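Below is one structure, written out as structure tokens; comments come after it.
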Amino acid sequence: MDMEHLMSDIRAFVKEREWGKFHSPQNLAKSIAIEASELLECYQWDDKADEIQVRHELADVLTYCLLLADKYQFDVEEILLEKLEINRQKYPVEKSRGKSDKYDRL
Numbered sequence: 008m009d010m011e012h013l014m015s016d017i018r019a020f021v022k023e024r025e026w027g028k029f030h031s032p033q034n035l036a037k038s039i040a041i042e043a044s045e046l047l048e049c050y051q052w053d054d055k056a057d058e059i060q061v062r063h064e065l066a067d068v069l070t071y072c073l074l075l076a077d078k079y080q081f082d083v084e085e086i087l088l089e090k091l092e093i094n095r096q097k098y099p100v101e102k103s104r105g106k107s108d109k110y111d112r113l
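My numbering numbers the first residue of the sequence shown as 8 and each following residue consecutively.
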């Protein structure tokens, strides 16, 4: 499934339920954080999470991320590639390979 088809399905799901009125950028950002917390909760007491639950929570996070990008009419591929290039500059391979240090500490 391509991104436009996926977004069309998500938009239809929201429209059928008349949920768009609740999808302000602020509410979508809050929902991303809430769903990310639910994803983290999968690992709360054990490193081995239920993969089905992880899939479902990850899908929720991604859905809200896509809805927020859609709200701003961002091209998801474009913004991901843009940020990847920024991170390439911040974390050059020769300084960051095998390290988890923040860019300003490399």
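The C-beta atom is built at its ideal place from N, Cα and C for all residues, glycine as well.
None of the values given here were measured: they were computed from a predicted structure.
Item                                                                                                   : Value
Neighbourhood of E45 by C-beta, 6 Å cutoff - its chain only, sequence neighbours within 5 removed      : E64
Classification of S38 by the beta-carbon crowding that lies within 10 angstroms, buried from 16 upward : buried
7 Å Cβ cutoff met for L35 and L75                                                                      : yes
Distance, S15 Cα to Q1 Cα                                                                              : In the structure as shown, the chain starts at 8 and stops at 113, and residue 1 therefore has no counterpart that could be examined.
DSSP-derived helix/strand/coil call for M8                                                             : coil
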